[in-house]
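Quick note: the sequence shown uses the working numbering, first residue 113, plus one each step.
Written out below as structure tokens is the structure these notes cover.
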Amino acid sequence: YGIISVVSSLISFFSIFFLLALHGAGTRYTYKYIQHPEKIERLWGTIFTFVLVNSTFLALLLLVFHQYTIEFFAQGIPFFPFLLLAILNVTLNSWYLLFQAYLQSHQVGKQVGINNFLHFAQTLSLTLFFVVVFRLQAFGVLLAQLITNITFVVYTFIRFVPRIKLGIDRKILKEAIRYSFPLIPHNLSGWGMAMTDKILLNNLLSTSVAGIYNIGFQMGNLLNVISTGVNKAFVPW
């Protein structure tokens with residue numbers, strides 16, 4: 113459980129740089145271009161294409177230089193299979209999150225909710241299967257997440273790509289970056305408040321201490337469900 117808490121923290125951290133807050137720009141400019149559907153298609157196509165390239169590039173960097181990057185933050189946790197699965201999960205999940213942001217920006221709340229529930233249900237089912245039946249422990253949890261992410265990335269390409277125009281429109285990308293980049297420090301500060309503690313406990317004490325701490329943290333984090341729900345309801349407006 114300590115491995116999962118540390119790896120989850122790293123996934124949240126690297127997700128910030130894989131997405132670069134561009135899903136926020138997509139939501140913002142969907143409202144701005146609401147009278148121009150074709151421009152919205154180019155907007156999301158540009159963002160999706162850029163995130164595909166950026167996330168793939170960063171994933172390759174992490175794979176090649178893992179000793180100096182991801183392993184530095186997760187001392188004592190083997191790169192294979194745990195940190196490798198973390199890199200794969202954060203890469204695939206960033207693509208799916210863009211599709212969810214697209215649906216949210218178009219105020220298709222029912223579909224967003226169904227997707228979230230199905231994502232949760234598949235992850236939970238596979239986790240119980242791998243951990244309880246096959247006793248794969250932390251590897252089973254991360255493997256369950258990977259299979260779920262692969263499933264929903266395929267779903268994303270089937271449902272999302274036909275609605276957008278792939279390719280990079282430099283003018284739109286520049287405008288999106290100008291809006292999204294100032295959000296990155298805000299996202300990093302949010303990650304720092306919520307996740308740095310597990311990284312420090314793992315590196316200074318032990319992975320098991322980080323796991324025990326995270327159990328208590330999750331109990332208090334239940335309140336976050338309410339605040340996150342309210343925030344997601346207001347974002348499209």
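Ideal Cβ positions, reconstructed from N, Cα and C, are used throughout, including at glycine.
Problem set entry | For Leu172, the nearest candidate out of Thr203, Gln187, Glu150 (CA to CA) | Position 60 of the sequence shown, counted from the first residue, corresponds to residue 172. Nearest of Thr203, Gln187, Glu150 to Leu172, Cα basis: Thr203.
Exercise. Under a Cβ-count criterion, where at least 16 other Cβ atoms within 10 Å of its own Cβ denotes burial, should Lys222 be classed as buried or exposed?
Worked result: What you label residue 222 is simply residue 110 of the sequence shown in a count that begins at 1. The residue in question, Lys222, is exposed, as its Cβ has fewer than 16 Cβ neighbours within 10 Å.
Problem set entry | Cβ neighbours of Phe232 in the same chain (closer than 7 Å, five flanking residues each side left out) | Taking the sequence shown and counting its residues from 1, the one referred to as residue 232 is at position 120. Excluding residues within five positions, none has a Cβ falling inside 7 Å.
Exercise. Going by other Cβ atoms of all chains shown within 10 Å of its Cβ, with 16 needed for buried, is Val342 buried or exposed?
Worked result: Locating residue 342 in the sequence shown gives position 230, where the first residue counts as 1. So Val342 counts as exposed.
Problem set entry | alpha helix (DSSP H) runs contained entirely in the stretch 244-294, provided each spans 4 or more residues | 249-271, 282-292
For this session: Give the single residue among Leu230, Glu287, Asn315 whose Cα lies nearest to the Cα of Ala133.
Result: Your numbering for residue 133 matches position 21 in the sequence shown. For the residues Leu230, Glu287, Asn315, the minimum Cα distance to Ala133 belongs to Glu287.
Exercise. Just the Cα atoms here: how many angstroms apart are Thr308 and Glu150?
Worked result: By one-based count along the sequence shown, residue 308 stands at place 196. By one-based count along the sequence shown, residue 150 stands at place 38. Near 42 Å, if we compare the C-alpha coordinates of Glu150 and Thr308.
Exercise. Whose CA, out of Gly332, Gln330, Leu196, lies closest to the CA of Leu254?
Worked result: For the purposes of this step, residue 254 is taken as residue 142 along the sequence shown, with counting starting at 1. It is Leu196.
Problem set entry | First and last residue of the uninterrupted alpha helix (DSSP H) at His148 | For the purposes of this step, residue 148 is taken as the residue at position 36 of the sequence shown. Taken as a continuous stretch (DSSP letters only), His148 belongs to no alpha helix (DSSP H), as it is neither H nor E.
Exercise. Does the distance from the C-beta atom of Gly350 to that of Tyr214 stay below 8 Å?
Worked result: Since the first residue shown for the chain is 113 and the last is 349, residue 350 is missing from the structure and cannot be characterised.
For this session: List the endpoints of the continuous alpha helix (DSSP H) containing Thr181.
Result: Residue 181 sits at position 69 when you count from the first residue of the sequence shown. From DSSP, Thr181 is part of no alpha helix (DSSP H); its letter is neither H nor E.
Problem set entry | Whole beta strand (DSSP E) elements within the stretch 154-240, 3-residue minimum | none
Exercise. Taking Thr260 as the reference, which of Thr235, Thr268, Pro274 has the closest Cα?
Worked result: For the purposes of this step, residue 260 is taken as the residue at position 148 of the sequence shown. That would be Thr235, whose Cα lies nearest to the Cα of Thr260.
For this session: Out of Val265, Phe346, Val118, state which residue places its alpha-carbon closest to the alpha-carbon of Leu209.
Result: As a first step, residue 209 is located in the sequence shown; it is residue number 97 there, counting from the start. Ranking Val265, Phe346, Val118 by Cα distance to Leu209 puts Val265 first.
Exercise. Does the Cβ-Cβ distance between Ile123 and Ile296 come in under 8 Å?
Worked result: Residue numbering aside, residue 123 sits at position 11 when the sequence shown is read from its first letter. Residue numbering aside, residue 296 sits at position 184 when the sequence shown is read from its first letter. No. Outside cutoff.
Exercise. For Thr142, is the classification buried or exposed, using 16 other Cβ atoms within 10 angstroms of its Cβ as the cut-off for buried?
Worked result: Along the sequence shown, read from residue 1 onward, the residue named residue 142 stands at position 30. Buried, since its Cβ has 16 or more Cβ neighbours within 10 Å.
Exercise. Does the Cβ of Gly188 have 16 or more other Cβ atoms within 10 Å, making it buried, or fewer, making it exposed?
Worked result: On the sequence shown, residue 188 is found 76 positions in, with the first residue counted as 1. It counts as exposed.
Exercise. With distances taken from CA atoms, which of Ile182, Leu230, Arg140 is nearest Ile152?
Worked result: Numbered from its first residue, the sequence shown carries residue 152 at position 40. When only C-alpha atoms are compared, the closest one is Arg140.
For this session: Could you round the C-beta distance between Phe194 and Val119 to whole angstroms and report it? I think they count as a contact, below 8 Å.
Result: Within the sequence shown, residue 194 is the residue found at index 82, counting from 1. Within the sequence shown, residue 119 is the residue found at index 7, counting from 1. 6 Å between Cβ atoms; contact.
Problem set entry | Euclidean distance between Cα positions of Ile324 and Ile115 | Residue mapping note: residue 324 aligns to position 212 of the sequence shown, counting from 1. Residue mapping note: residue 115 aligns to position 3 of the sequence shown, counting from 1. Distance between the alpha carbons of Ile324 and Ile115: 11 Å.
Problem set entry | Ala137, DSSP secondary structure in three states | What you label residue 137 is simply residue 25 of the sequence shown in a count that begins at 1. Helix.
Exercise. Quick one: does Phe162 have its CB under 8 Å from some CB of chain D?
Worked result: Here there is only one protein chain, and chain D is not present.
Exercise. From this set, Ile311, Arg154, Leu335, His298, which residue's C-alpha is nearest Pro274's C-alpha?
Worked result: Taking the sequence shown and counting its residues from 1, one reaches residue 274 at position 162. Per the Cα distances, Arg154.
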